[in-house]
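There are 2 protein chains.
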Amino acid sequence: MSDSELFVAHVPGIQYGVLDSLVGYAVRRAQIRMYETFIMAMEPWGITPPRFSAMVIVSLNPGLKLTQLAKIMGIARSGAVILVDALEELGYMQRLPAPEDRRAFSLALTEKGKADLVKITAAVQAQDKAVTQMLDSKEQADLHRLLLKLSDAAI
Amino acid sequence: MSDSELFVAHVPGIQYGVLDSLVGYAVRRAQIRMYETFIMAMEPWGITPPRFSAMVIVSLNPGLKLTQLAKIMGIARSGAVILVDALEELGYMQRLPAPEDRRAFSLALTEKGKADLVKITAAVQAQDKAVTQMLDSKEQADLHRLLLKLSDAAI
DNA sequence: TATTGTTATACTCTATAACTATA
DNA sequence: TATAGTTATAGAGTATAACAATA
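From first to last, the protein sequence lines stand for chains A and B.
The letter at position 56 of the first sequence is residue 56 when you use my numbering, and the numbering goes up by one with no holes.
My numbering runs 1000 ahead of the 1-based position in the second sequence.
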């Protein structure tokens, strides 16, 4: 962000024209806001959105290999290596030998990773709730449902 | 994206846990989808989301200076230089001397920029409509309204 | 002194491609 | 031959900081 100033969605006196009518532009602005607040909420742990996703997925699907994690997250294998390296350095994830394949690793959270994930998840949920608090319950549910409908649609 | 494969929101057999309950995660996935289709739709013109925003804003607010554009778009001044450089190289934007300030430039679209922006805008609107087509009219309006409410809220 | 545009530099994220060790 | 993980490398995108010209 420029000069440490926060992003202003609409600068007074400026015409935004067609941008204001695009769902895609609104999605992008919402994403910027969500990302900013996520990073602030995760500051104590050094967790980014992809790191959080990786921790949750490995936690619930123990024994995943790096290639599987990459496919699930939609990133390149080399990206998964860097992601796991970072989580290993934070003491949250470990590469265990895969019993049936000496080329591969079984990914798992460390005990510290499991313990901190509980607190991290609570903080993420609180942040998600805080950002959406200006919507009433029905609006929150509608927004969530419509976003899922948008991105889960067949391509 | 990994190995030229498209992002799959839910890989069969994988547990996503709390991720599926977060509005922020849904926003991110919707944004990935919107971005992918935007880039595909803009392939004939080499236009990215920030380039499109810059063209629209300069088109509707002619005479803007680089520093103003940077502030409006929420990027650093150095980023605006690179953005304008790219649009100038595409033949879409020009730096005109600012009449009242010899340090600054007045940004404006070229004739080619104005002409192509009409077609580009039509393609962007078609893409936005295509991605949201699985929502009915009311759902589209609701989604747009709720996204704006989310990102326009006071921080 | 402050501001405008620019440049130099660096950091993050992510991709492709080549490599090694296994399968 | 194909696959798992790794490494090297490169390309966006964006940031900070310093600079010359001008205000």
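All C-beta atoms, glycine included, are put in the ideal place defined by N, C-alpha and C.
Computed from a predicted structure; not experimentally measured.
Next on the checklist: Between Thr48(A) and chain B, is the shortest Cβ-Cβ distance under 8 Å, so that the two count as touching?
Outcome noted: Working through the first sequence from its first residue, we reach residue 48(A) at position 48. For Thr48(A), no Cβ of chain B is located within less than 8 Å of the residue's own Cβ.
Item to check | Anticipated Cβ contact below 8 Å, Met1134(B) with Ala153(A), distance rounded | outcome: As a working mapping, residue 1134(B) is identified with position 134 in the second sequence. As a working mapping, residue 153(A) is identified with position 153 in the first sequence. Confirmed, Cβ separation roughly 5 Å.
Checklist entry - Are Met42(A) and Leu87(A) close, meaning C-beta to C-beta below 8 Å? => result In the first sequence, the residue the question calls residue 42(A) occupies position 42. In the first sequence, the residue the question calls residue 87(A) occupies position 87. Cβ distance not < 8 Å, so Met42(A) and Leu87(A) don't count as in contact.
Item to check | Spatial neighbours of Ala76(A) in its chain, beta-carbon cut-off 8 Å, leaving aside the 5 residues before and after | outcome: In the first sequence, residue 76(A) corresponds to position 76, counting from 1. So the qualifying residues of the chain are Ala70.
Checklist entry - I think Ile988(B) touches Phe1038(B), with their Cβ atoms under 8 Å apart; what is that distance to the nearest whole Å? => result Nothing about residue 988(B) can be read from this structure; chain B reaches only from 1001 to 1155.
Checklist entry - Where does Ile1060(B) sit, in a helix, a strand or coil, going by DSSP? => result The residue given as residue 1060(B) occupies position 60 in the second sequence. The residue you asked about is not Ile; residue 1060(B) is Leu in the sequence shown. Reduced to three states, the DSSP call for Leu1060(B) is helix.
Checklist entry - Going by DSSP, which residues form a beta bridge with Ser1106(B)? => result Within the second sequence, numbered from 1, the residue matching residue 1106(B) stands at position 106. According to DSSP, which records beta bridges pairwise, Ser1106(B) is partnered with Leu1096(B).
Next on the checklist: Tell me the rounded alpha-carbon separation between Leu1022(B) and Leu147(A).
Outcome noted: Reading the second sequence from its first residue, position 22 is the one you call residue 1022(B). Reading the first sequence from its first residue, position 147 is the one you call residue 147(A). In a straight line, the C-alpha of Leu1022(B) is about 11 Å away from that of Leu147(A).
Checklist entry - What is the residue span of the alpha helix (DSSP H) that Val84(A) lies within? => result For the purposes of this step, residue 84(A) is taken as residue 84 along the first sequence, with counting starting at 1. Residues 77 to 89.
Checklist entry - If Leu1107(B) sits next to Leu1064(B), beta carbons under 8 Å apart, how far is it from one beta carbon to the other, in whole angstroms? => result Taking the second sequence and counting its residues from 1, one reaches residue 1107(B) at position 107. Taking the second sequence and counting its residues from 1, one reaches residue 1064(B) at position 64. Rounded, the Cβ-Cβ distance is 5 Å, consistent with contact.
Next on the checklist: To the nearest angstrom, how far is the alpha carbon of Asp957(B) from that of Ile72(A)?
Outcome noted: Residue 957(B) cannot be examined here, being either before or after the span of chain B that is shown, 1001 to 1155.
Checklist entry - What is the residue span of the alpha helix (DSSP H) that Leu1146(B) lies within? => result Locating residue 1146(B) in the second sequence gives position 146, where the first residue counts as 1. 1137 to 1152 is the extent of the alpha helix (DSSP H) around Leu1146(B).
Next on the checklist: Helix, strand or coil, according to DSSP, for Asp1003(B) in the structure here?
Outcome noted: Taking the first residue of the second sequence as position 1, residue 1003(B) is located at position 3. Summary for Asp1003(B): the model assigns pLDDT 49, below 50, so the residue's position carries little reliability; its value from the coordinates is reported in the next sentence. Three-state result, Asp1003(B): helix.
Item to check | As assigned by DSSP and simplified to three states, the class of Val1023(B) | outcome: Counted from its first residue, the second sequence places residue 1023(B) at position 23. The answer is helix: DSSP assigns Val1023(B) an H, G or I state.
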